[in-house]
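Below is one structure; the comments refer to it alone.
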Ligand SMILES: Nc1ncnc2c1ncn2[C@@H]1O[C@H](COP(=O)(O)OP(=O)(O)OP(=O)(O)O)[C@@H](O)[C@H]1O
Ligand SMILES: [Mg+2]
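Numbering (full-length UniProt numbering), first residue to last: 1 to 262.
The structure is reproduced here in structure tokens:
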């Protein structure tokens, strides 16, 4: 099962908590006994940083594997690019992935390269979560071509209906042209402060606009200072603070994902 968090591709589309969501959903799914692979597919490598010890050099990354795939060369052994952190496996990224992105633009028929890399791993995992960069470039197209379904995080602070409409159209195009099986897993409201009228209004607006056609995760992720603190120490929020409301919310998201998957 592949999940792929994507934001709404509008002007202020970054910082909607894609990386934080992958990090914490992966942790919670792992704690619930699921076999999880988290794939960092963003050259910024924030997810990788959250998994690896400071200054530790990860020899082989997804950038190397993608380069081999693009050159039609044999892929490295899995053990070289799949790493372990606690109960989770992860595939790291590096800044070199931006070079891969530039090369992908000139490569014909390259949309399925990531899909081909991940396909043989399907049997080994219950969940493969792909973290992406915020633009709709060749990397994102590759992630969408590999994904079974898409989770759309929305930060109420930056919400714009136009962005979500464009995103929906893009996914429908991907479904028609490249990946007929792709589904919308659901909308996840992140960084919510339900004390504010703006956030309440946005949640209501999203439910009214999309609630009929698309699943909206029951739980909303509250804004919490603990998230930033946990990120800083390379930990999941729950691991950092067992009582953190944001961490517990991600536990609930993981349970919803498992329930939907059955
Ligand atoms: N629930 C939360 N409460 C408070 N801060 C949060 C929460 N979730 C994420 N953040 C903070 O918001 C910032 C952006 O989060 P994150 O890096 O996960 O977003 P992103 O969508 O991956 O961004 P990018 O588009 O740059 O990849 C980070 O500093 C993170 O610590
Ligand atoms: Mg990110």
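Just so it is clear, CB atoms sit at the ideal spot from N, CA and C, and this is done for glycine as well.
According to DSSP, residue 216 shares a beta bridge with 187.
In this structure, DSSP gives residue 210 a helical state, which the three-state scheme calls helix.
Annotation note: the region 79-153 contains the following uninterrupted beta strand (DSSP E) runs of length 3 or greater, listed N- to C-terminal: 83-85, 88-91 and 127-132.
By alpha-carbon distance to residue 104, the top candidate from 125, 156 and 140 is 140. Between residue 188 and residue 50 a beta carbon distance of about 18 Å is seen, past the 8 Å cut, so the two are scored as non-contacting.
With at least 16 other beta carbons inside 10 angstroms of its own, residue 60 counts as buried.
With respect to the C-alpha of residue 117, the residue from 135, 65, 15 and 108 having the closest C-alpha is 65. When DSSP states are grouped into helix, strand and coil, residue 251 belongs to the helix group. DSSP places residue 39 in the uninterrupted beta strand (DSSP E) bounded by 36-41. Check the Cα spacing between residue 190 and each of 210, 178 and 216: the tightest is with 216.
When the Cα atoms are used, residue 121 and residue 136 turn out to be separated by approximately 25 Å.
Relative to ligand 2, residue 19 has its C-beta within less than 7 Å of a heavy atom.
The C-alpha of residue 185 lies about 18 Å from the C-alpha of residue 28. Contact between residue 249 and residue 221 holds: CB atoms are separated by about 5 Å, below the 8 Å threshold. By a beta-carbon distance limit of 8 Å, residue 34 does not contact residue 131. Their separation comes to about 17 Å. In this chain, the alpha helix (DSSP H) harbouring residue 31 covers 18-31. Collapsing the DSSP output to three states places residue 159 in coil.
Sequence-distant Cβ neighbours of residue 168 in its own chain, meaning closer than 7 Å and more than five residues away, do not exist here. Shortest gap from the CB of residue 46 to any heavy atom of ligand 2: under 7 Å.
Residue nearest to residue 152 within the set 92, 178 and 183 is 183 (criterion: CA-CA distance). Residue 71 counts as exposed, since fewer than 16 other C-beta atoms from the protein chains shown sit within 10 angstroms of its C-beta. Taken through DSSP and simplified to helix, strand or coil, residue 260 comes out as helix. Between residue 101 and residue 138, the C-beta gap is smaller than 8 Å, which places the two residues in contact.
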